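Chains as they are written, first to last, in the working numbering: chain A, 1 to 229; chain B, 230 to 458. Each residue gets a CB set at the ideal place from its N, CA and C atoms; glycine is no exception. These figures come from a predicted structure and were not determined experimentally.
2 protein chains.
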Amino acid sequence: MSLRAYNVIKEAEVIIGYKTYIDLIADLTEGKEVISSGMTREVERCLQAIEMAAAGRYVVIVSSGDPGIYGMAGITLELVEKQEMVGKIQVEIVPGITSANAAAASLGAALMHDFAVISLSDLLTPWELIEKRLEAAAMGDFVTILYNPMSKKRTEQIKRAREIFLRFKSPDTPVGIVRNAKRSGEVVTRTDLEHLLEHTIDMFTVVLIGNCQTYHTDNFMITPRGYKV
Amino acid sequence: MSLRAYNVIKEAEVIIGYKTYIDLIADLTEGKEVISSGMTREVERCLQAIEMAAAGRYVVIVSSGDPGIYGMAGITLELVEKQEMVGKIQVEIVPGITSANAAAASLGAALMHDFAVISLSDLLTPWELIEKRLEAAAMGDFVTILYNPMSKKRTEQIKRAREIFLRFKSPDTPVGIVRNAKRSGEVVTRTDLEHLLEHTIDMFTVVLIGNCQTYHTDNFMITPRGYKV
Numbered sequence: 001m002s003l004r005a006y007n008v009i010k011e012a013e014v015i016i017g018y019k020t021y022i023d024l025i026a027d028l029t030e031g032k033e034v035i036s037s038g039m040t041r042e043v044e045r046c047l048q049a050i051e052m053a054a055a056g057r058y059v060v061i062v063s064s065g066d067p068g069i070y071g072m073a074g075i076t077l078e079l080v081e082k083q084e085m086v087g088k089i090q091v092e093i094v095p096g097i098t099s100a101n102a103a104a105a106s107l108g109a110a111l112m113h114d115f116a117v118i119s120l121s122d123l124l125t126p127w128e129l130i131e132k133r134l135e136a137a138a139m140g141d142f143v144t145i146l147y148n149p150m151s152k153k154r155t156e157q158i159k160r161a162r163e164i165f166l167r168f169k170s171p172d173t174p175v176g177i178v179r180n181a182k183r184s185g186e187v188v189t190r191t192d193l194e195h196l197l198e199h200t201i202d203m204f205t206v207v208l209i210g211n212c213q214t215y216h217t218d219n220f221m222i223t224p225r226g227y228k229v
Numbered sequence: 230m231s232l233r234a235y236n237v238i239k240e241a242e243v244i245i246g247y248k249t250y251i252d253l254i255a256d257l258t259e260g261k262e263v264i265s266s267g268m269t270r271e272v273e274r275c276l277q278a279i280e281m282a283a284a285g286r287y288v289v290i291v292s293s294g295d296p297g298i299y300g301m302a303g304i305t306l307e308l309v310e311k312q313e314m315v316g317k318i319q320v321e322i323v324p325g326i327t328s329a330n331a332a333a334a335s336l337g338a339a340l341m342h343d344f345a346v347i348s349l350s351d352l353l354t355p356w357e358l359i360e361k362r363l364e365a366a367a368m369g370d371f372v373t374i375l376y377n378p379m380s381k382k383r384t385e386q387i388k389r390a391r392e393i394f395l396r397f398k399s400p401d402t403p404v405g406i407v408r409n410a411k412r413s414g415e416v417v418t419r420t421d422l423e424h425l426l427e428h429t430i431d432m433f434t435v436v437l438i439g440n441c442q443t444y445h446t447d448n449f450m451i452t453p454r455g456y457k458v
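This is the structure we're talking about:
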């Protein structure tokens, strides 16, 4: 968590968020009004936050990782615009540490070069577009980080993604799998494209696929930047 | 800055880094041994840090943004391996907030969907590879963040990048230019591909090019995630 995020949570009167994330900051919310709700209630949560802010209260909408990356920033600003609250309430997006950054640090130094971040969730995005981006990322030899690689209901997407990458990349391309990156219960797995599917992957996991220069040592996954060492 | 970064700097006995970054944390380094040096001295700085850590001292190598993204994490781990210091010294990579995240927050919510990060610096990377990645990012309709877009010596790369994007994207594709993202002296400019080159761009700047759904409001640059608002 950033110092700025810590400070705004400390100063806030009201904390609104998805229950799982609210629970992660339980030690910071004592004495505050806390409103937590389930998944897929994003629009409702934002509208409530906007309404309370308009009433003069200091409200924080909690997002995991970075709210600006597949998080609550977009929908919040869309609704602030739609409700014609621009200038009437003050809005600040506090950037954070997204899973890609956290997972790369736990793996070693996997993101030292150009990279692409792709969500495999096709709930809000057509699968054809996701597939096109997977191809582009593999062709462009980006280090690629897959968000939402698998859930209980979505189990095929990671298989398709792997197949696409294998059309462009060697089966021994290094892969890192990180569950609960930089949180308690973190699990870091280092493998390769060939063996990717033999490991546990779920909603709390991100998958990093290396570029053609990425390598595993006994301890780290490293993408060299090009320095002579 | 993350809480973890703040805490390790507070605890450290020795702080090593590029002078510009050391100056940014002057209020945290009082009473510590501070070793700052110029650019292009990265290998030297790491070797010195490793040597001091091996002698039992608590050393922090300072990097701006996220050390794991075009930062010092890679070269540090490469040298720890090469010097056969794995297991002899403890190494932790502390993830941070890279310019892409910071700039997106200052622009509004520019990174709500799949994105690619590309450095235009061809000092350590062949230009042909950079060009290939620019094409892949434009073709895949990624929101694209360009690091190191221009320096005093490198002025052509951003022009070439713009031309490549214009082969795939409309001239009115929204663009955000952020200098000193989330630092003092921040400058946020919102424009489009057509007018990109009319604005000041330098080493302290990142350039965000939207995907085909990104739009500017009067106040924000927003890439919708797909929620119905």
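For my contact list, Leu437 of chain B and Val416 of chain B are in at a C-beta cut-off of 8 Å; report their separation, rounded to the angstrom. In the second sequence, residue 437 of chain B corresponds to position 208, counting from 1. In the second sequence, residue 416 of chain B corresponds to position 187, counting from 1. Going by Cβ atoms, the distance from Leu437 of chain B to Val416 of chain B rounds to 14 Å, so no, they are not a contact pair.
On the DSSP bridge assignment, give the partners of Val178 of chain A in chain order. As a position in the first sequence, residue 178 of chain A is number 178, starting the count at 1. Looking at the DSSP assignment, Val178 of chain A forms a beta bridge with A:Val188 and A:Val206.
Kindly indicate if chain B contains any beta-carbon less than 8 Å away from that of Glu11 of chain A. Walking along the first sequence from the start, residue 11 of chain A turns up at place 11. Taking Cβ atoms only, chain B never reaches closer than 8 Å to Glu11 of chain A, which makes this a no.
For Thr173 of chain A, go through chain B and note every residue whose CB falls closer than 9 Å to its CB, in chain order. For the purposes of this step, residue 173 of chain A is identified with residue 173 of the first sequence, where counting begins at 1. Those within 9 Å of Thr173 of chain A in chain B number zero; the least Cβ separation is about 17 Å.
Would Lys159 of chain A be called buried (16 or more neighbouring beta carbons within 10 Å of its own) or exposed? If you number the first sequence from 1, residue 159 of chain A lands on position 159. It is exposed - the Cβ of Lys159 of chain A has fewer than 16 other Cβ atoms within 10 Å.
Can you say whether Leu197 of chain A is buried or exposed, counting buried as having 16 or more other CB atoms within 10 angstroms of its CB? Translated into positions along the first sequence, residue 197 of chain A becomes position 197. Residue burial annotation: Leu197 of chain A is exposed, with fewer than 16 other C-beta atoms found within 10 angstroms of its C-beta.
Would you mind sorting Asn377 of chain B into buried or exposed? The rule is 16 or more other CB atoms within 10 Å of its CB. Residue mapping note: residue 377 of chain B aligns to position 148 of the second sequence, counting from 1. Classification for Asn377 of chain B: buried.
What does Val372 of chain B pair with, by DSSP beta-bridge criteria? Locating residue 372 of chain B in the second sequence gives position 143, where the first residue counts as 1. Val372 of chain B pairs with B:Phe344.
For Leu111 of chain A, count neighbouring Cβ atoms within 10 angstroms of its own Cβ and tell me buried if that reaches 16, exposed if not. In the first sequence, the residue the question calls residue 111 of chain A occupies position 111. By the neighbour-count definition (other C-beta atoms within 10 Å, threshold 16), Leu111 of chain A is a buried residue.
Specify the secondary structure class of Glu156 of chain A as computed by DSSP and reduced to three states. Sequence index remark: in the first sequence, residue 156 of chain A carries index 156 (1-based). Three-state result, Glu156 of chain A: coil.
Decide if Lys398 of chain B is buried, meaning its Cβ has at least 16 other Cβ atoms within 10 Å, or exposed. On the second sequence, residue 398 of chain B is found 169 positions in, with the first residue counted as 1. It is buried - the Cβ of Lys398 of chain B has at least 16 other Cβ atoms within 10 Å.
Rounded C-alpha distance that separates Thr452 of chain B from Ile290 of chain B: The residue given as residue 452 of chain B occupies position 223 in the second sequence. The residue given as residue 290 of chain B occupies position 61 in the second sequence. Whole-angstrom Cα-Cα distance: 35 Å.
Looking only at DSSP bridge pairs, what is Gly108 of chain A linked to? Start at 1 with the first residue of the first sequence, and residue 108 of chain A comes out as number 108. In the DSSP assignment, Gly108 of chain A is bridged to A:Met221.
So with CB distances below 8 Å, who are the chain A contacts of Ser231 of chain B? Here residue 231 of chain B refers to the residue found at position 2 of the second sequence. Under the 8 Å cutoff, chain A gives Met1, Ser2, Leu3 and Ile97.
Do Ile347 of chain B and Leu336 of chain B have their C-beta atoms within less than 8 Å of each other? Along the second sequence, one-based indexing puts residue 347 of chain B at 118. Along the second sequence, one-based indexing puts residue 336 of chain B at 107. The answer is no: Cβ separation not under 8 Å.
In the DSSP output, which residue or residues are listed as bridge partners for Ser266 of chain B? Translated into the one-based positions of the second sequence, residue 266 of chain B becomes position 37. Per DSSP, B:Tyr247.
Assuming the contact rule is C-beta atoms closer than 8 Å, Arg179 of chain A and Phe204 of chain A should be a hit. Round their C-beta distance to whole Å, please. Position 179 of the first sequence, counted from the start, is the residue given in the question as residue 179 of chain A. Position 204 of the first sequence, counted from the start, is the residue given in the question as residue 204 of chain A. That pair is a contact at about 5 Å.
Listed from N- to C-terminal order along the chain, which residues in the stretch 131-163 of chain A have their beta-carbon within a distance smaller than 8 Å of any beta-carbon of chain B? From the stretch 131-163 of chain A, only Lys132, Arg133, Glu135, Ala136, Ala137, Met139, Gly140, Asp141 and Phe142 have a Cβ closer than 8 Å to chain B.
When the distance is taken between beta carbons, is Ala329 of chain B closer than 8 Å to Ala73 of chain A? For the purposes of this step, residue 73 of chain A is taken as residue 73 along the first sequence, with counting starting at 1. For the purposes of this step, residue 329 of chain B is taken as residue 100 along the second sequence, with counting starting at 1. No, Cβ-Cβ distance for Ala73 of chain A and Ala329 of chain B is not below 8 Å.
Rounded to whole angstroms, what is the Cα-Cα separation between Thr420 of chain B and Met450 of chain B? Against the second sequence, residue 420 of chain B aligns to sequence position 191. Against the second sequence, residue 450 of chain B aligns to sequence position 221. When rounded, the distance between both Cα atoms is 10 Å.
Check Ile89 of chain A in the structure and name its three-state DSSP category. In the first sequence, the residue the question calls residue 89 of chain A occupies position 89. Reduced to three states, the DSSP call for Ile89 of chain A is strand.
By the criterion of Cβ-Cβ separation under 7 Å, what are the contact partners of Thr205 of chain A in chain B? By one-based count along the first sequence, residue 205 of chain A stands at place 205. Simply none; closest approach about 17 Å.
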